[in-house]
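Letter 400 of the first sequence, counting from 1, is numbered 528 in my numbering, and no numbers are missing.
Backbone N, C-alpha and C define an ideal beta-carbon position, used for all residues, glycine too.
Bear in mind that the values here come from a model prediction, so they are computed numbers and not experimental data.
Single-structure report; data block below.
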Amino acid sequence: MERTELERIRIEKIERLRAAGIEPYPTRANPTHTVAQAVQAFEAAEAAASADPVQVTVAGRLRSLRPMGKVAFGHIEDSTGKLQLFMRINEIGEEALKQFAELYDLGDFVEAAGSMMRTRTGEISVHVSRVTMLAKAITPLPAAKDEVVDGVLVRHAQLSDPETRYRQRYADLAVNPDVREVFRKRAAITRALRDFFDGRGFLEVETPILQPIYGGAAAQPFTTHHNQLHQDLYLRISFELYLKRLLVGMLDRVYEIGRDFRNEGVSFKHNPEFTQLEFYWAYADYEKVMALVEEMLVYVCDTVLGTRQFEYDGTIINMDLPFKRLRMRDGILEKTGIDIYAHPTAESLAEAMRAKNIPVKPGAQRGKLVDALLSEFLEPELIQPTFLYDYPRDISPLAKSKLEDPSIVERFEIYVGGMELGNAFTELNDPLDQEQRFLEMGRAFASDDEERHPLDEDYLQAMSYGMPPTGGFGMGMERLCMLLTNRPNIREVLLFPHLREEK
RNA sequence: GGGCGUGUAGCUCAAUGGCAGAGCAGUGGCCUUUUAAGCCAUUGGUUGAGAGUUCGAGCCUCUCCACGCUCACCA
């Protein structure tokens, strides 16, 4: 491995430490307090006016280092916060102070033992009696320095190059506490969702990621191969078809939180692998699902944020109930003046669009045209939480038709912040209708091998045993995390977002 | 895949086509309550890679690479 000059200097320091009989990578650490606990213990003792010194041993990274001759200051940081170290030659001795000044660097993991105190300026600190190297850092962390100006923390020279931040997320996390906070929040969101569903009688399940036939969404899969079985397999693009099999098997309420893989373009809201939440609820329909989704999102906001209002991309999102409900037809009519119900064929709709100077892709199906109107004119406007409902049948092959109009299905999508957050239907449970839909899809895409989906006969087999009337829902977890952490880019809520290979 | 933009020291950034710089970090000193500590001195560059134009290229042209934004794609 090639080393920079800065790294070579630190490797020399490792040798100097060893020469002085100090192991730079000792096997054990013995902290008695986290930084937060140490501060808390000291504040409690202060409040009680206790004369007994609070003895602590804290461990963490050195984040600042200010040797000043016969005294030295520094800050140590662990996952709970930062704490100042104060050492004097009187307590730790000439040799140790010299070693600290010469051989310790920013980024090193160290352990410091001493008693808690306040400095003259009032900062809570450890008056260090012993400092120990826990792990010497060779590569300097991107230097960020904090300054408090009028009580506001200003960070200088913060690591901000997006490529470095994503490729070396460990460095990003190490120097940017707000990035750590994003992923803590992400974990809290996942936990809140589990609590929500567990508390309502839903069973958490895990279904295959390696699938012999992919389905449940319109996306290209990643393919792989099982050598022993001589079998091609796909990484799942959705778990829908497996979860609904479970309803046939009398598991009435199931949910899964897991990874999906889609071999599609990468964008600010798409990553080749992403986490999805899906739930299926027997004896429910899309209206009940709508109510549950509202409850679910509000629960997550209350639990994770403690508020139903938050800022996203410069606007305040208000998650107070009830969310707006907008029939897709009405939304498109309002934004474009086109009534999709008045245009039952692709030709007629395309004509109406051309009349409004809206570009039409030649040969597009009616459903695709509706989808184009939706994403172009409606989606960006749906900032406040909105249920958009009743979709065309031909873009919804797994959703149940409305009894009064078979060309419309009971389906909704929820939009927040101009983004599709989730998708739901009253699930199609008529095995004959389902087979018909699959055959139609097959025909529609027969000319286009890329988009053609294989027919899942086993799924039809499951349906034909009987599936209860069911409502189902799927949501991109990253999208929700983006909203609740105010990060309008999916890479900011993925620990290791996909990047092109470095050359 | 298309369009636009960016790439300079470990980090954040400067530099009319004319000696490649600053702050922080680093190194050597001074300093017993500092906190972007301070003061003195100082190291560090294949300017993403390659080619071209030019007396001379970080800067202009071309190719390539990576990243960002955007469009396309995305039941």
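The alpha helix (DSSP H) enclosing residue i, as first and last residue numbers
i, result
"Y543", "Unbroken run through Y543 is the beta strand (DSSP E), D533 to V544; no alpha helix (DSSP H)."
"I463", "One point to set straight first is that residue 463 is Lys, not Ile, in the sequence displayed. K463 -> alpha helix (DSSP H) spans M456 to T464."
"Y651", "The chain is shown only over 129 to 631; residue 651 falls outside these bounds and no answer can be derived."
"N446", "Careful: N446 lies outside any alpha helix (DSSP H), inside the beta strand (DSSP E) at T443 to N446."
"Q227", "E222 to L231"
"E171", "V163 to A175"
Residue i versus residue j - alpha carbon distance
i, j, result
"I460", "E507", "10 Å"
"Q356", "L269", "46 Å"
"E384", "P525", "21 Å"
"E620", "Y593", "44 Å"
"H353", "L361", "5 Å"
"F601", "R136", "55 Å"
"A164", "P513", "38 Å"
"A176", "D278", "31 Å"
"V426", "M447", "7 Å"
"D576", "G570", "Unreliable positioning characterises D576 in this predicted model, as indicated by a pLDDT of 46, which lies under 50. The coordinate reading is nonetheless provided below. Between D576 and G570, the C-alpha separation is close to 10 Å."
"E642", "Q562", "Residue 642 falls outside the range modelled here, since the chain spans only 129 to 631, and no answer is possible."
"R319", "E133", "45 Å"
"R308", "L301", "6 Å"
"F237", "M424", "41 Å"
"Y408", "L363", "21 Å"
"F451", "A173", "49 Å"
"T443", "L145", "54 Å"
"E230", "K264", "13 Å"
"E222", "G235", "23 Å"
"E630", "F350", "21 Å"
"H471", "P534", "15 Å"
"L190", "A347", "47 Å"
"G386", "F324", "16 Å"
"I445", "Q437", "6 Å"
"R131", "Y153", "19 Å"
"L531", "Y519", "14 Å"
"R156", "S178", "32 Å"
"V310", "R453", "30 Å"
"L287", "N304", "8 Å"
"V498", "L567", "22 Å"
Burial state of residue i (16 or more Cβ within 10 Å)
i, result
"F624", "exposed"
"E585", "exposed"
"Q359", "exposed"
"V199", "exposed"
"E227", "A quick correction: the sequence has Gln, not Glu, at residue 227. When all chains shown are included, Q227 counts as buried."
"T267", "exposed"
"M591", "buried"
"A574", "Note that A574 has pLDDT 47, beneath the 50 cutoff, so the model's placement of it is unreliable and the number below is only indicative. Counting Cβ neighbours within 10 Å, A574 comes out exposed, since fewer than 16 surround it."
"F396", "exposed"
"R628", "exposed"
"N391", "exposed"
"S529", "buried"
"V276", "exposed"
"K416", "exposed"
"A315", "exposed"
"R678", "With the chain covering only 129 through 631, there is no way to say anything about residue 678."
Endpoints, the beta strand (DSSP E) within which residue i is located
i, result
"Y548", "The identity of residue 548 in the sequence shown is Glu, whereas the question assumes Tyr. Element bounds for E548: M547 to T554."
"L516", "T514 to P520"
"S476", "Premise fails: S476 lies in the alpha helix (DSSP H), A474 to A483, not in any beta strand (DSSP E)."
"K397", "Per DSSP, K397 belongs to no beta strand (DSSP E) and is neither H nor E."
"R189", "Q183 to P195"
Beta-carbon separation (whole angstroms), residue i vs residue j, contact threshold 8 Å
i, j, result
"R455", "Y517", "6 Å"
"V421", "A527", "Wrong, their Cβ atoms sit about 16 Å apart, outside the cutoff."
"R521", "I542", "Not a contact, Cβ separation roughly 20 Å."
"A474", "A492", "7 Å"
"D413", "P597", "7 Å"
"R457", "Y469", "5 Å"
"K484", "I466", "7 Å"
"G545", "I511", "6 Å"
"V182", "F170", "5 Å"
"A410", "D380", "4 Å"
"M595", "L375", "5 Å"
"V428", "I317", "6 Å"
Any non-hydrogen atom of the ligand FMN within 7 Å of residue i CB
i, result
"R381", "The ligand FMN is absent from the structure shown, which contains no ligand whatsoever."
Can we say the stretch 557 to 567 touches the stretch 326 to 341, given the rule of at least three CB pairs closer than 8 Å? Cβ pair count under 8 Å is below three, so no.
Could you tell me whether the stretch 427 to 438 touches the stretch 606 to 613, using the rule of 3 or more Cβ pairs below 8 Å? With the rule of 3 Cβ pairs closer than 8 Å, the stretch 427 to 438 counts as touching the stretch 606 to 613.
Would you be able to state if there are at least three C-beta pairs under 8 Å between the stretch 384 to 402 and the stretch 600 to 609? Taking a cut-off of 8 Å for Cβ pairs, the stretch 600 to 609 and the stretch 384 to 402 touch, as three or more such pairs fall below it.
Would you call the stretch 239 to 249 in contact with the stretch 283 to 296, where contact means no fewer than 3 C-beta pairs closer than 8 Å? With a cut-off of 8 Å, the stretch 283 to 296 and the stretch 239 to 249 do not count as touching, because too few Cβ pairs lie within range.
Within the chosen definition, does the stretch 157 to 166 reach the stretch 175 to 187 through at least 3 CB pairs nearer than 8 Å? In short, these stretches touch, since the Cβ pair count reaches three.
Between the stretch 201 to 214 and the stretch 139 to 154, can you find at least three pairs of beta-carbon atoms closer than 8 Å? Contact between the stretch 139 to 154 and the stretch 201 to 214 is absent, because fewer than three Cβ pairs lie under 8 Å.
With three or more C-beta pairs closer than 8 Å as the rule, is the stretch 250 to 259 touching the stretch 286 to 306? Three or more Cβ pairs closer than 8 Å define a contact, and the stretch 286 to 306 falls short of that threshold against the stretch 250 to 259.
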